[in-house]
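Protein chains in written order, with the working numbering: chain A, 1 to 409; chain B, 1 to 409; chain C, 1 to 409.
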Amino acid sequence: MIVPLQQPPDRKCSPPKLDERKHPNLPSKCRCGLSSSPGARAVFMSMKLSLNWLLIFAPIAFALRFWPGQANPTALFVCSAIAIVPVAGWIGRATEELAARVGEGLGGLLNATFGNAAELIIAGIALSKGLTSVVKASIAGSIIGNILLVLGLSVLLGGLKHKEQRFNKTGARTAVISLSLAAIALVIPTVFHLAASGSPGGWSPAVERQLSLGISVVLFITYFCVLAFTLKTHKHFFVGAEEELEEKTQRWTKSKAVVVLMIATGVVALLSEFLVGTIESVRASIGVTEVFVGVVVVAIVGNAAEHSTAVVMALKNKMDLSVGIAIGSSLQIALFVAPLLIFLSYCFGRPMDLEFSLPEVFAVVASVYIIFQISGDGETNWIEGVQLLSVYLILGILFFYLPEPFARH
Amino acid sequence: MIVPLQQPPDRKCSPPKLDERKHPNLPSKCRCGLSSSPGARAVFMSMKLSLNWLLIFAPIAFALRFWPGQANPTALFVCSAIAIVPVAGWIGRATEELAARVGEGLGGLLNATFGNAAELIIAGIALSKGLTSVVKASIAGSIIGNILLVLGLSVLLGGLKHKEQRFNKTGARTAVISLSLAAIALVIPTVFHLAASGSPGGWSPAVERQLSLGISVVLFITYFCVLAFTLKTHKHFFVGAEEELEEKTQRWTKSKAVVVLMIATGVVALLSEFLVGTIESVRASIGVTEVFVGVVVVAIVGNAAEHSTAVVMALKNKMDLSVGIAIGSSLQIALFVAPLLIFLSYCFGRPMDLEFSLPEVFAVVASVYIIFQISGDGETNWIEGVQLLSVYLILGILFFYLPEPFARH
Amino acid sequence: MIVPLQQPPDRKCSPPKLDERKHPNLPSKCRCGLSSSPGARAVFMSMKLSLNWLLIFAPIAFALRFWPGQANPTALFVCSAIAIVPVAGWIGRATEELAARVGEGLGGLLNATFGNAAELIIAGIALSKGLTSVVKASIAGSIIGNILLVLGLSVLLGGLKHKEQRFNKTGARTAVISLSLAAIALVIPTVFHLAASGSPGGWSPAVERQLSLGISVVLFITYFCVLAFTLKTHKHFFVGAEEELEEKTQRWTKSKAVVVLMIATGVVALLSEFLVGTIESVRASIGVTEVFVGVVVVAIVGNAAEHSTAVVMALKNKMDLSVGIAIGSSLQIALFVAPLLIFLSYCFGRPMDLEFSLPEVFAVVASVYIIFQISGDGETNWIEGVQLLSVYLILGILFFYLPEPFARH
């Protein structure tokens, strides 16, 4: 492992195991390749505070939905979207607490499952309503949003404050290569469709779904291999030399964690239900396409917690955390959430395939390619943030102008 | 900043500010990521001499064009093409002199505008005649020509003389990532066309132009951010430790610089007019396609000055300069000239979009990908020159065999 | 050249010149970028023994083919496939012995020609029968098979035994960039077909073949440049500091080498004849497509010798050798075997073009991209093996589900 020489001890990575007890808003992202430092604690506390006041939007959303005579879908959409952010933070906190009590194996699994709980719930509800194009758009949007928007803003704002910032490039490598693998996987159904359409036998949705299921299984297994690599066999890659500060916060009891987890998950589910239920009318009233809503709006809402945390970490010059949250979150979406949604679609009796539209496929490939270049030297500066945000803007323009519904190539 | 240990002091990069007064033929290219050393002075003097004798072709071109009874378009094409090279060198020299007198901000802008003056004037004239496919082909051709042909020849010839050559890879990184961003931007209109064609709403040229305009604005802003990064906030990335030799050449007065700039620009404009006006008949008589002329011929002519300078620098073992000229020039074309031409096309009342043909898009993406790999380690050797030239040859073969006019996918 | 500091002396690369006398089963692969160490000798001896018992399948294959009344194409296919493996090993051994006796220049050429003798013979016979889609599928399959399956298994198994493994990344660079160049070349005919189809002039097979021939010539010349770079001008890149152990094995005489080479080549040719002759009926009885047979089955058989050697080397912690075999073999296929088959196709009077199907092109590009990322840091660990194998599995799933015959885009 090559550790940058200039890196002061307190910027080195700490063991994920300890971290996971402390950071309510960044549960398991840091462990998919990169880890965090305990000095970030105070920040998270203030973060939680700053996010908790957004909880006020939850009762407003409920009122808008159930108060008789009310029918303002746009207001409901906005309030639900905002209210999801702090509740998603509580899911993260409860997951951490629970994971710390059940041992490493089950704990890792819990984190892996609930780490992107908000995205998963929103997408699951959209899936149950048959809105597969919103589901796929939000998968693609979450991947590119984390890499380009979340990391881009973090690198830009961090870079404006600190001339040069460093992170552990060894950890980032594993995550970025896994993202490349996922990008290849997401291109395959599109390639298959094009090739099969030109054959006499032709293309059939059933074969497309079998292909997608096979790919999902491979991605899912790879995800758990990456977890094993990060948490077990090569956790020394991600461990710094510093002595961990002792954790002073009082731990939750197991039952408290379970109760909070259940309540928060239920609330997010309800709010997601409101959100997804109003997409159609909001889309029509604002005049943007379903795909634009999925790629931009849903993706930003589902990742708001990571977003704010990553930026705060970058300002505090903790680029390891910032990069870890952004890349790790994309990785979880691509290797865990996307396959899981395919499996879920079979449970719902509406099998979904993994075929993304050409613009979505292109956006994911371009984002993964740029993050590979940016992350290669373990250093960031503000121009790299500008470059990431430029790619995000350009892709946003593409999705904005795309007519609806567009054909899936 | 990681400086290669073996690099002798006199190979380190010097501040762009000082350079720009000395090198008539490489105005602002070096500043987009990499910079030059003062030892290169003697070379440039001889360069200028060796290029100035080509000025003889300017009166020949005028004679061929205006002498009554003459009508040899091929000779006119060839003479105009050759004569543009030394006059473009004088634009560069005058720009440098003027930039040195007006302060850094306005000077940088001057350099950015006139750095690729020849390409810009040729393309502008082609644009005013409605030859948009020649304009696009020459944009694509300039990008790949600088990366593959100019740099390939420099690396090969330099590598045959010097076993291993080094350059500042930190500076090259920023430029190469910006090129990747530009490559992504240039793919987007093609992706949009494909996706929109398959939708019921369908594809419309008006939306394509709006999309292209939006992308151009983002690229243009990114270009000025890169300038700010290179010239202001992170110029220490590009500055070596050595003491600059004092410049002994007498400076031009501001008015002399303005007069030379105006005359040289006017002459290039006239020669470009001849060049573009004869493309059609030359194309027909040689039997190659319009796109081949744009991608290969116009691109080589427009970049001839950079070309010879980059090769001479490589032979002198100044790879920082050589790489800086080649990559920086491609960067200027992609992030500055291409958007500017889109803006100009609106002034001319013939709005152009940024949709390149599939072969052009592929050529740009492949070139940027290869330069990313080659530039990654900050070292070059002759086989890397062979590899760059091989890609150029292969792409040249593709454009040679393409039927005319080919459909834009 | 940057040598990793932690690398113990006995892991450094040794001169290819000496190596080539010792390793019967890995003739010239190691020289295309990476080289081997003499400590590997004992392994090879046991390898040869373990492979030689497979020779028993050769007489069985002959019996199945010529014994009257027998007609079991599947058994003949399987026996021929297995029997090719050890005989291919003997071709390698004889080539090494002969190369060592005829001097460096001719020796290098011999190695280059016979290094992938089995693949070349199988493909040549398929070509003579007009099975061009099998030929192309086996070219694509050999490239991706070596990069993903051979190297993936080596890295995974080596990584399970050794926590971290290192290899000479300077050597790997040259080979990987050459592979990228080859990948670009293989995409071009597909791009040409798409672009030309949309033009009024249209696409014609004759122009496609001219284009392919031009590309093949460039690739072929590049291959010999890479050989010159590796064997002559920059062999110090590939030479370690250690003292070579003296070779004790008795050398073959020149005539013995020639006789063994001729007999082994003849036997492989006959077995390949059986193999190719039964592809059609095996394909039909197992129910897989011709392309799947080419990409997966033929590619695995043709590279079985490299396969076992690379894995054994990885287990012995000789990653330089393992990486060198896998990447070098892909390189030979792409830059030497593929162009040679195009040239051969003209001798057979059935000119073949280089246009691969979209899935094949995608598979090659994806594999080359992943190997570029994996090989970038000169280190491997088990998760990188998992990542390579995941990509192989995903591509295998794609080829498995593709309907037959599929249109070539």
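Where is the CB? At the ideal position from N, CA and C, for every residue including glycine.
Rounded to whole angstroms, what is the Cα-Cα separation between residue i and residue j?
| i | j | result |
| --- | --- | --- |
| Lys136(A) | Glu273(A) | 17 Å |
| Leu64(B) | His307(B) | 27 Å |
| Glu384(B) | Ser154(B) | 10 Å |
| Val386(C) | Trp53(A) | 44 Å |
| Lys235(B) | Phe220(B) | 21 Å |
| Thr233(B) | Met262(A) | 49 Å |
| Ala326(B) | Leu393(A) | 27 Å |
| Ala196(B) | Ile122(C) | 45 Å |
| Leu148(A) | Ile139(A) | 14 Å |
| Ala223(C) | Leu388(B) | A small correction: the amino acid at residue 223(C) is Tyr; Ala does not occupy that position in the sequence shown. Each residue's Cα considered, the two are about 14 Å apart. |
| Cys225(A) | Phe114(A) | 18 Å |
| Gly324(C) | Ala75(B) | 53 Å |
| Gln269(A) | Val260(A) | Reading the sequence as shown, one finds Ala at residue 269(A) and not Gln. Cα to Cα, the separation comes out at about 14 Å. |
| His193(C) | Tyr401(B) | 11 Å |
| Leu275(B) | Phe77(B) | 5 Å |
| Lys163(B) | Asn72(B) | 47 Å |
| Leu418(B) | Ser212(B) | No answer is possible for residue 418(B): it lies beyond the span of chain B, which begins at 1 and ends at 409. |
| Ser204(B) | Leu156(A) | 36 Å |
Does chain A have any CB closer than 8 Å to the CB of residue i?
| i | result |
| --- | --- |
| Gln210(B) | yes |
| Ala366(C) | yes |
| Gly214(B) | yes |
| Gly433(B) | There is no way to answer for residue 433(B), as the model of chain B reaches only from 1 to 409. |
| Ser178(B) | yes |
| Ser199(B) | yes |
| Val218(B) | yes |
| Val391(C) | yes |
| Thr253(B) | no |
So that I know if they touch, is there some Cβ in chain B lying closer than 8 Å to that of residue i?
| i | result |
| --- | --- |
| Thr278(C) | no |
| His234(C) | yes |
| Pro403(A) | yes |
For residue i, which residues does DSSP report across the bridge?
| i | result |
| --- | --- |
| Arg166(B) | Glu379(B) |
Are the C-beta atoms of residue i and some chain C residue less than 8 Å apart?
| i | result |
| --- | --- |
| Val386(B) | yes |
| Phe362(B) | yes |
| Leu315(B) | no |
| Leu186(A) | no |
| Leu358(B) | yes |
| Arg173(A) | yes |
| Ile383(B) | yes |
Which word fits residue i, buried or exposed, when buried means at least 16 other C-beta atoms lie within 10 angstroms of its C-beta?
| i | result |
| --- | --- |
| Asn381(C) | buried |
| Thr190(B) | buried |
| Leu106(B) | exposed |
| Cys347(B) | exposed |
| Thr278(A) | buried |
| Phe57(B) | buried |
| Phe66(A) | exposed |
| Pro339(A) | buried |
| Ser142(C) | buried |
| Pro68(A) | exposed |
Hey, is residue i close to the ligand SAM, as in C-beta under 7 Å from one of its heavy atoms?
| i | result |
| --- | --- |
| Tyr369(C) | As far as ligands go, the structure on display features none, and thus does not contain the ligand SAM. |
Query raised in the report: Are the stretch 316 to 325 of chain C and the stretch 164 to 184 of chain C in contact at 8 Å, needing three or more beta carbon pairs?
Result: yes
Query raised in the report: Quick check: the stretch 175 to 193 of chain A against the stretch 362 to 372 of chain A, are there 3 or more CB pairs under 8 Å?
Result: Touching, yes, given that three or more Cβ pairs across the two stretches are closer than 8 Å.
Requested in this report: Give a yes or no on contact between the stretch 347 to 355 of chain B and the stretch 205 to 225 of chain B, applying the rule of three or more CB pairs nearer than 8 Å.
Outcome: yes
Query raised in the report: Is there contact between the stretch 91 to 98 of chain C and the stretch 286 to 298 of chain C, where contact requires at least three CB pairs shorter than 8 Å?
Result: The stretch 91 to 98 of chain C, when compared against the stretch 286 to 298 of chain C, does not touch it at the 8 Å Cβ threshold.
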